[in-house]
């Protein structure tokens, strides 16, 4: 059950990050989910220890872990844009 919630929340966070980074028209729902989950994993290792709390991948769905996962997804999209276009939007 936790995996299904992670997929749904990852999809929503990936979609919101793609709107912020203006890549929503280029991505489908599958890529939004992948970006959200990978961003959550990135944030769990890097951002969450800095702000305190538990990562979203361990089932912690508080505001700090959701915000950290969102930031991780935005950073991941910025890195992808940097390699794809040579610049960050």
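Residue numbers (my numbering): 3 to 91. Beta carbons: idealized from backbone N, C-alpha and C, even for Gly.
Alpha helix (DSSP H) segment containing residue 51, residue limits: Looking up residue 51 in the chain shown gives position 49. Note, residue 51: alpha helix (DSSP H), 50-53.
Separation of residue 35 from residue 6, as counted between CA atoms: On the chain shown, residue 6 is found 4 positions in, with the first residue counted as 1. On the chain shown, residue 35 is found 33 positions in, with the first residue counted as 1. So the two alpha carbons sit approximately 11 Å from each other.
Under 8 Å, do residue 37 and residue 78 count as touching if we go by C-beta distance? By one-based count along the chain shown, residue 37 stands at place 35. By one-based count along the chain shown, residue 78 stands at place 76. Cβ atoms of residue 37 and residue 78: closer than 8 Å.
Within this structure, are the beta carbons of residue 42 and residue 59 separated by less than 8 Å? Translated into the one-based positions of the chain shown, residue 42 becomes position 40. Translated into the one-based positions of the chain shown, residue 59 becomes position 57. Going by C-beta atoms, residue 42 is nearer than 8 Å to residue 59.
Contact under 8 Å by Cβ, residue 32 with residue 72: Counted from its first residue, the chain shown places residue 32 at position 30. Counted from its first residue, the chain shown places residue 72 at position 70. Their beta carbons are not under 8 Å apart, which means residue 32 does not touch residue 72 by this criterion.
Collapsed DSSP secondary structure at residue 72 in the structure displayed: As a position in the chain shown, residue 72 is number 70, starting the count at 1. DSSP places residue 72 in helix when its eight states are reduced to three.
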